[in-house]
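Residue numbers (the numbering used here): 2 to 227.
Cβ atoms here follow ideal geometry from the backbone N, Cα and C, with glycine treated the same way.
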Ligand SMILES: [Fe+2]
Ligand SMILES: [Fe+2]
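This is the structure:
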């Protein structure tokens, strides 16, 4: 018998040992100009495309889940899409503040069913945590442009939250994903996303954001998609 209580699910949002407070945007400004940092500009473009891809995938996963009558899983994917869009917007804001032009982003999505999309979501988050962001952060080291580094750290830590939530669900699924999908649909929860860093929680925050350290007033309650 699969057991996943609401309490266990809510704990997922707090589960990452990697999470710690980061300086908020603007608290420690870079002294150099972005145009003097070609490696950073390249990383910001790459990260923007990666986040837009995640955003569009989660929007598609949400729509498919709604179509297949899995409203709670649609809600999970919707909350993640809001978070990913915040990450993309953060990179775009840094680039546009120095006059960088954003190119068009073409994302190809191969639509599968919701059960497969849950596994795909876990893979997306794992790739970001273990491969993409460590590589991007490494490339930022030499130029150390503060706003780029903090934006990347916000994204990396938010993805850890996403991955923990999905992995916890999949851990209970084992070979019977249909069972866990049914259980998720019996649960009641609300998602909150920080507008500054994209931190994603499955319960209302009671303290400043533990990723960006900004006020908890920045957390917006995400409406359930219909
Ligand atoms: Fe993201
Ligand atoms: Fe935050």
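- Message: Contact defined as beta carbons within less than 8 Å: I believe residue 164 pairs with residue 123. What is the distance between those atoms, to the nearest angstrom?
- Response: As a position in the chain shown, residue 164 is number 163, starting the count at 1. As a position in the chain shown, residue 123 is number 122, starting the count at 1. The Cβ separation is near 7 Å, so the contact holds.
- Using the C-alpha atoms, what's the distance from residue 55 back to residue 27? Residue mapping note: residue 27 aligns to position 26 of the chain shown, counting from 1. Residue mapping note: residue 55 aligns to position 54 of the chain shown, counting from 1. Its pLDDT being 47, under 50, residue 27 is placed unreliably in this model, and the value from its coordinates should be taken loosely. Approximately 26 Å between the Cα atoms of the pair.
- Query: Beta carbon of residue 223: closer than 7 Å to some heavy atom of ligand 2?
  - Reply: Against the chain shown, residue 223 aligns to sequence position 222. Because no heavy atom of ligand 2 lies under 7 Å away, the Cβ of residue 223 does not count as near it: no.
- Which value, in whole angstroms, describes the spacing of the CA atoms of residue 98 and residue 181? Within the chain shown, the letter at position 97 stands for residue 98. Within the chain shown, the letter at position 180 stands for residue 181. When rounded, the distance between both Cα atoms is 45 Å.
- Message: Let's test the definition: count the other Cβ atoms within 10 Å of the Cβ of residue 112 and tell me whether it reaches 16, buried, or not, exposed.
- Response: Translated into the one-based positions of the chain shown, residue 112 becomes position 111. Per the 10 Å Cβ criterion, exposed.
- Evaluate residue 25 with the Cβ neighbour count: other Cβ atoms within 10 Å of its Cβ, from every protein chain shown; 16 or more gives buried, anything less gives exposed. Residue numbering aside, residue 25 sits at position 24 when the chain shown is read from its first letter. Model confidence at residue 25 stands at a pLDDT of 44, short of 50, so the residue's coordinates are unreliable; what they give is reported in the following sentence. Under this definition residue 25 is a buried residue.
- Message: As an exercise, report each continuous alpha helix (DSSP H) stretch of at least 4 residues that is fully enclosed by the segment 28-87, in chain order.
- Response: 39-68
- Item | Candidates 154, 192, 53 and 130: closest to residue 1 by CA position | Past the edges of the chain, shown from 2 to 227, lies residue 1, and the structure says nothing about it.
- Task: Note down, one range per segment and in chain order, each alpha helix (DSSP H) of at least 4 residues found wholly within the segment 141-202.
- Result: 147-174 and 178-187
- Mind listing which residues have their beta carbon within less than 5 Å of any non-hydrogen atom of ligand 2? Chain order is fine. 195, 197, 198, 200, 210, 212 and 213
- Task: Kindly list the residues whose CB is nearer than 7 Å to the CB of residue 89, restricted to its own chain and excluding five residues on each side of it in sequence; keep chain order.
- Result: By one-based count along the chain shown, residue 89 stands at place 88. So the qualifying residues of the chain are 49, 52, 53 and 56.
- Query: Across which residues does DSSP place residue 116 in a beta bridge pair?
  - Reply: Here residue 116 corresponds to residue number 115 of the chain shown, with the count starting at 1. Per DSSP, none; premise fails for residue 116.
- Item | 6 Å CB neighbourhood of residue 62 in its chain, flanking five on each side removed | In the chain shown, counting from the first residue as 1, residue 62 sits at position 61. Counting only Cβ-Cβ distances below 6 Å, and skipping sequence neighbours, we find 78 and 118.
- Message: Measuring only from the beta carbon, is residue 58 closer than 7 Å to any heavy atom that is part of ligand 1?
- Response: Locating residue 58 in the chain shown gives position 57, where the first residue counts as 1. Answer for residue 58: no, Cβ out of range of ligand 1.
- Other residues of its chain near residue 157: CB distance less than 6 Å, five sequence neighbours each side excluded: The sequence position of residue 157 within the chain shown is 156, counting from 1. Correct list, in chain order: 134.
- Message: Using only CA atoms, which one of 217, 68, 210 and 198 lies nearest to residue 81?
- Response: One-based indexing of the chain shown puts residue 81 at position 80. Closest by alpha carbon: 198.
- Query: How should residue 143 be labelled, buried or exposed, when 16 other C-beta atoms within 10 angstroms of its C-beta is the threshold for buried?
  - Reply: Here residue 143 corresponds to residue number 142 of the chain shown, with the count starting at 1. So residue 143 ends up on the exposed side.
- Query: So, is residue 227 buried or exposed, given that buried needs 16 or more other C-beta atoms within 10 angstroms?
  - Reply: Counted from its first residue, the chain shown places residue 227 at position 226. It is exposed - the Cβ of residue 227 has fewer than 16 other Cβ atoms within 10 Å.
- Message: For a test of your reading of the model: does the CB of residue 88 fall under 7 Å from any non-hydrogen atom of ligand 1? Yes or no.
- Response: Taking the first residue of the chain shown as position 1, residue 88 is located at position 87. Yes, ligand 1 has a heavy atom inside 7 Å of this Cβ.
- Query: Short check: CB of residue 193 to CB of residue 209, under 8 Å?
  - Reply: Position 192 of the chain shown, counting from 1, holds the residue named residue 193. Position 208 of the chain shown, counting from 1, holds the residue named residue 209. Their beta carbons are not under 8 Å apart, which means residue 193 does not touch residue 209 by this criterion.
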